[in-house]
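One structure is given here, and the rest of the page talks about it.
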Amino acid sequence: MKTKIASIVAAALLAFPMLVYSAPVKIGFINSITGKEAQIGENLTNGAAMAIEDLNAKGIQVELFKEDDGGDPKNALAAYEKLVTRDAVVGVVGPYTSGCANVVASRADQYQVPLLVPAAAKEEITMKGYKNVFRLNAPANVYSRVLMDAVKAYKPKTIAFVYAATDFGVSTVKTAQENAVKMGLKEVANEKYQQGQPDYRPSLSKVKAANPDLVFLVSYDADAILLMRQAKEIGLTPKAFLGAGAGYTTAQFAQQTEISNFVVSATQWTDDVNWAGAADFGKRYKTKFGKEPSYHAACAYEALRIMALTASKAKNPASLRAALKAGSWSGIMGPVKFADYNGFTNQNNHPMLVQQIQNGKYETVYPASFSKKKLVYPFKR
Amino acid sequence: MKQIALVTILAAAAIALPLIIGENPYMTGILISVLMMAALSSAWNILGGYAGQYSFGHAAYFGAGAYTTLILLTNYSTLNPLICMAAGIIVASLIALITGTIVFRLRGHYFGLASIAVAEIVRLSVLNFEFTGGAQGILLSDISLWGLDLNSKNPFYYGMLLVLAVTLGITAYLRTSKTGYYLMAIREDQDAASSLGINLSFYKNKSLVISAALTSVLGSLYGLYIRFIDTSAVLDLRLSIEIILTAIIGGVGTLWGPVVGALLLVPLAEMLRSNLLGDALVKAGLVSDTSAFGIFLKENLAHAHVLVYGIITVLCILYLPKGVLGLFRRTK
Amino acid sequence: MSFLQPLLSGTLTGGVYALAGIGMSLVFGVMNISNFAHGDLMMLGMYLAYFAFTLLHIDPYLSLVLLIPTAFMFGFLLEKLFINKVINHPHQNQILLTIGLGLIMSNTALLAFTSDPKILTTSYSSSAFNLPGGISISVPLLLSFLITCVIIAMLYLFLSKTTTGMALRATSQNREAAQLMGINVAKMSAIAFGLGTALAATAGALIAPTYYIHPLVGHSFLLKAFTICVLGGLGSVVGAGVGGIIIGVVEAMSSTYLSSDWKDVVVFVLFLAVLLLRPQGLFGKKGGQS
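Chains as they are written, first to last, in my numbering: chain A, 5 to 385; chain B, 2 to 333; chain C, 12 to 301.
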């Protein structure tokens with residue numbers, strides 16, 4: 005009895021200073037600030053900066069340790085090890101690229117410091133049963149599934165794939181092929197390309213000759229604009245262009261109305277979805293950074309917010325892991341819960357959205373519960 | 002005699018280092034990178050520094066080791082990693098021999114450009130084939146070797162150290178052997194060497210294969226250490242260039258030059274990447290945290306680390322063309 | 012599928028590659044330096060054209076009038092300040108210097124212009140002529156090709172008819188002999204590097220309306236420029252011109268009849284084959300490979 009009282013008193017004494025003075029919670033953030041993925045990395049940086057601002061406004065002090073991996077797994081590992089051993093952070097958000105996230109995730113259980121992956125799509129990251137790895141965004145297979153679900157009602161018969169020879173491109177198309185078989189779609193062309201080429205016309209001409217109902221595209225950045233320009237030039241007009249995330253979800257792409265109008269794309273987030281705070285986040289982001297937020301920005305914002313909120317109560321990595329596992333949140337990314345399902349561990353079963361560019365603006369068109377506008381099908385110039 | 006004593010002290014220090022710094026994975030990780038770059042650059046130096054053949058495609062051999070090892074281990078997980086490493090050596094040597102046969106008939110610029118072409122063919126083939134994991138790369142699950150804890154860093158530290166020692170040993174031996182003299186003769190004047198009866202392509206190929214084999218072992222070690230490889234991590238032109246840069250900044254054609262280069266460049270790159278430099282300036286009170294310059298340092302130095310790297314390269318080439326070791330050596 | 016479509020689009024794209032290749036070949040011939048910053052100079056040309064278009068509202072093709080002299084001066088200064096200092100150094104030092112300069116250029120651009128790719132959209136960016144037989148020709152690509160032809164013709168006249176041009180060629184053929192003949196080879200080097208830079212920047216500006224602009228785009232064009240140079244024979248202007256078109260057509264053909272992800276491999280294999288069978292390149296002078 006005596007010892008019990010003593011321990012309660014001791015616990016109260018220990019807890020007391022925290023009530024009057026709460027030290028900033030230390031969180032690590034690994035991102036690709038330089039290197040090939042720097043453009044998307046910048047969106048994540050901006051999203052994280054807004055999260056810190058909002059957390060500070062709520063009185064939650066965060067000391068953020070920012071690390072650059074340059075897209076190199078070796079650097080990502082060094083960054084993670086620095087964060088957990090030198091800087092003694094309680095949790096880490098990142099890295100952005102699938103390769104880096106894969107490597108860091110494989111070490112998270114060794115160091116026992118939770119890792120929250122905000123936007124890397126590779127499925128295996130949360131399929132290895134790592135206890136300390138959590139992922140906010142939906143993995144690669146959801147991109148193709150949601151896109152095909154959106155056009156299912158129109159009964160397309162054939163599909164062609166045009167995609168970048170990158171991890172994301174290949175992974176997404178692999179799952180898309182499985183989904184296509186399930187839907188009874190016939191694959192009529194498969195064009196994998198090396199990024200950054202000036203001339204995609206030969207590949208697109210082959211696709212045009214196969215005359216598919218659906219053209220499924222995975223491209224980064226400006227390649228998306230280039231491909232659609234050249235598709236218009238050679239007169240490729242399927243019933244729908246389906247773009248899986250990345251290059252087809254940028255504001256810059258939407259602005260090129262001449263080529264991008266009615267292109268359908270899958271995304272983790274839009275600013276017109278009816279999730280709490282999404283529209284407001286979009287507006288504030290635009291004022292602050294002078295451009296539309298991409299879904300990566302929203303993912304980073306929400307990941308960091310969840311990490312900081314949870315960590316400010318949990319204080320140490322072990323209880324942070326338990327709190328992440330047990331908790332649920334609701335914010336600009338909709339409801340978030342890290343669950344175990346279909347072979348995934350600690351994976352947020354995030355519903356992806358399908359959007360279509362209509363008059364230079366992204367409009368959410370699927371699933372119906374989140375959308376205001378209707379899909380325009382078939383595609384027209 | 003003095004030299005032997007010095008080398009013994011250095012070796013003892015290198016062996017004891019992990020024990021001194023203790024359980025510090027971050028620091029050990031940086032040391033592993035230093036050793037790896039020193040060994041890579043030393044292996045390149047055998048071909049570039051002594052035979053005078055500037056290969057811009059050494060990433061191909063590094064990648065050959067890493068890919069062979071990881072492909073074998075994903076398919077036959079019970080295989081001893083050392084056997085996979087040996088297989089990597091064979092693959093890298095084969096690529097080296099094919100390359101050598103094609104490109105050693107060429108000289109100067111042509112050799113450098115052709116070595117890039119070969120490396121790009123290897124990189125693009127790995128990217129396009131399915132069995133190599135293609136663009137998705139290869140992620141390795143746990144591996145085991147003689148009950149060593151391969152999640153800890155020390156086995157890799159000593160592995161890299163051993164390869165570095167072997168590479169330096171071969172270099173030191175070459176310097177005083179017949180082969181070494183022939184190589185240096187080829188470097189100084191190919192035509193004269195040829196007219197003296199030196200079989201140019203035999204000796205060039207010999208040094209290329211030695212260099213490629215050592216590079217592939219390092220690639221295997223890297224693959225086992227990081228346990229994830231893709232083409233941009235192990236087959237990129239940037240890696241080849243980093244290897245040469247390290248040798249040149251240390252001192253090409255010297256025994257210790259590549260080691261000195263790695264000791265300087267790797268920690269510098271890490272300090273720039275992790276913004277330790279910017280933080281240190283702020284912490285030392287030299288720059289105020291809230292001043293415009295302080296904010297600039299904190300926010301932008303991370304973005305600018307490759308820029309700083311470029312500036313250092315240019316300054317080194319202009320003012321230290323013989324490398325850091327060149328400073329201490331009498332000009333011939 | 013039509014055989015003519017890839018042939019045409021390959022030729023037109025190859026024309027712009029050719030311009031980049033010629034710039035590099037010129038520098039190589041006169042100075043005996045492999046310029047690894049060439050791709051980054053192209054990138055600077057792209058940004059110049061972009062800002063001329065967005066800030067000054069000058070059509071990217073018209074902006075060449077401003078861009079060429081600016082780029083020439085930039086290259087001239089670059090040579091005087093840096094390249095010139097290593098002209099007698101070993102090859103690998105020269106290469107690393109240009110790599111360092113390239114890193115400085117691309118990463119300064121990254122800081123200044125951010126990593127958001129810029130798209131230069133003109134009124135004719137995605138318009139095309141449609142020929143009978145379902146063949147289409149991109150308008151901006153055709154314009155770029157025609158301008159390339161004019162520039163190559165002018166360069167050819169300059170090199171063969173003017174005193175400076177002849178001095179450049181003499182330096183290219185034999186640096187020592189040219190010096191003995193009283194040619195100021197240091198000045199020729201600066202002029203050659205200036206011209207090389209101007210050509211790279213022009214190639215960048217010409218490709219900008221059909222491509223995108225990003226601080227790190229230089230890399231992919233650098234390897235192409237090298238391949239073209241070697242194919243045509245290092246130092247040969249005509250060779251680089253033909254080499255560029257060959258590369259463009261080979262790329263288009265191999266992505267049509269083989270597969271688009273293997274087309275770069277085809278180009279590099281071709282490159283090695285030329286090195287093996289004809290080391291001096293298609294148009295190079297014999298024995299020039301030292």
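Even glycine gets a Cβ: it sits at the ideal position worked out from N, Cα and C.
Secondary structure of residue i, DSSP reduced to three states
{"i": "B:A136", "result": "helix"}
{"i": "A:W333", "result": "strand"}
{"i": "A:G247", "result": "strand"}
{"i": "A:K341", "result": "strand"}
{"i": "A:A169", "result": "coil"}
{"i": "A:Q65", "result": "coil"}
{"i": "A:D76", "result": "coil"}
{"i": "C:K172", "result": "helix"}
{"i": "A:L386", "result": "It is not possible to answer for residue 386 of chain A, since the shown part of chain A is limited to 5 through 385."}
{"i": "C:V27", "result": "helix"}
{"i": "A:A193", "result": "strand"}
{"i": "C:Q16", "result": "helix"}
{"i": "C:S301", "result": "Model confidence at C:S301 stands at a pLDDT of 36, short of 50, so the residue's coordinates are unreliable and nothing is read from them."}
{"i": "A:L221", "result": "strand"}
{"i": "C:E90", "result": "helix"}
{"i": "A:Q362", "result": "strand"}
{"i": "A:N350", "result": "strand"}
The alpha helix (DSSP H) enclosing residue i, as first and last residue numbers
{"i": "B:S34", "result": "26-46"}
{"i": "A:G95", "result": "First-last for A:G95: 95-97, but that is the beta strand (DSSP E), not the alpha helix (DSSP H)."}
{"i": "A:K236", "result": "227-238"}
{"i": "B:I1", "result": "No statement about residue 1 of chain B is possible, as the shown extent of chain B runs from 2 to 333 and does not include it."}
{"i": "A:T253", "result": "Here A:T253 belongs to no alpha helix (DSSP H), and DSSP marks it neither H nor E."}
{"i": "B:T69", "result": "60-76"}
Selected residue, minimal CA-CA separation from residue i, among the options
{"i": "C:M54", "options": "C:M116, C:P80, C:F64, C:T109", "result": "C:M116"}
{"i": "C:F62", "options": "C:L283, C:F124, C:D272, C:S36", "result": "C:F124"}
{"i": "A:N353", "options": "A:A255, A:F342, A:N47, A:K156", "result": "A:F342"}
{"i": "A:Y299", "options": "A:I44, A:S36, A:A228", "result": "A:I44"}
{"i": "A:T179", "options": "A:A92, A:A213, A:R149", "result": "A:R149"}
{"i": "C:I146", "options": "C:F294, C:L293, C:S13, C:Q291", "result": "C:S13"}
{"i": "C:A82", "options": "C:A251, C:H102, C:K96, C:Y58", "result": "C:Y58"}
{"i": "A:Q260", "options": "C:S134, C:L23, C:L88, C:V41", "result": "C:S134"}
{"i": "B:T172", "options": "B:A14, B:I312, B:A40", "result": "B:A40"}
{"i": "B:L215", "options": "B:E243, B:S202, B:S43", "result": "B:S43"}
{"i": "C:F282", "options": "C:S266, C:F294, C:K172, C:F237", "result": "C:F237"}
{"i": "A:R139", "options": "A:V94, A:D76, A:Q272", "result": "A:Q272"}
{"i": "B:A248", "options": "B:I16, B:R176, B:F329, B:L48", "result": "B:L48"}
{"i": "C:A223", "options": "C:L122, C:A211, C:I130", "result": "Reading off the sequence shown, one finds Tyr at residue 223 of chain C, where the question assumed Ala. For the residues C:L122, C:A211, C:I130, the minimum Cα distance to C:Y223 belongs to C:I130."}
{"i": "A:S389", "options": "B:F203, B:Y183, B:G138", "result": "Beyond the ends of chain A as shown, which are 5 and 385, falls residue 389 of chain A; an answer cannot be given."}
N-terminal and C-terminal residue of the beta strand (DSSP E) that residue i is part of
{"i": "B:D192", "result": "Per DSSP, B:D192 belongs to no beta strand (DSSP E); it is in the alpha helix (DSSP H), 191-196."}
{"i": "C:A139", "result": "139-142"}
{"i": "A:K365", "result": "365-370"}
{"i": "C:A189", "result": "Segment 186-191 is the alpha helix (DSSP H) holding C:A189; no beta strand (DSSP E) there."}
{"i": "C:N118", "result": "Here C:N118 belongs to no beta strand (DSSP E); instead the alpha helix (DSSP H) covers 102-124."}
{"i": "A:A270", "result": "268-271"}
Interfacial residues, the region 301-321 of chain B to chain C, with Cβ spacing under 9 Å: N301, H304, A305, H306, V307, L308, V309, Y310, G311, I312, I313, T314, V315, L316, C317, I318, L319
With 9 Å as the C-beta to C-beta threshold (strictly closer), list the residues of the region 230-247 of chain C near chain B in chain order. H230, L234, F237, T238, C240, V241, L245
Contact set between the region 47-61 of chain B and chain C, restricted to residues whose Cβ is under 9 Å from the partner: G49, G53, Y55, F57
Which runs of the alpha helix (DSSP H) at least 4 residues long sit entirely within the region 203-279 of chain B? Give them in chain order. 232-235, 238-251, 258-274
May I ask you to list, following chain order, the residues of the region 169-193 of chain A that have a beta carbon less than 7 Å from some beta carbon of chain B? A169, T170, D171, G173, V174, S175
Within the region 19-62 of chain A, ranges of the alpha helix (DSSP H) (whole runs, at least 4 residues): 42-61
Residues in the region 261-289 of chain C having any Cβ partner in chain B nearer than 7 Å: D272, W273, D275, V276, F279, V280, F282, L283, L286, L287
What residues in the region 106-138 of chain C have a beta carbon less than 9 Å from any beta carbon of chain A? N118, L121, T125, S126, D127, P128, K129, I130, T132, S136, S137, S138
In chain order, each alpha helix (DSSP H) run of at least 4 residues that lies wholly inside the region 268-293 of chain C: 274-288
Output needed in chain order: residues of the region 21-49 of chain C with a Cβ under 7 Å from some Cβ in chain A. T24
To be precise: take each residue of the region 110-133 of chain B, compare its Cβ to all Cβ atoms of chain C, and keep it if any distance is under 8 Å. Which residues remain? H110, Y111, G113, L114, A115, I117, A118, V119, E121, I122, L125, S126, L128, N129
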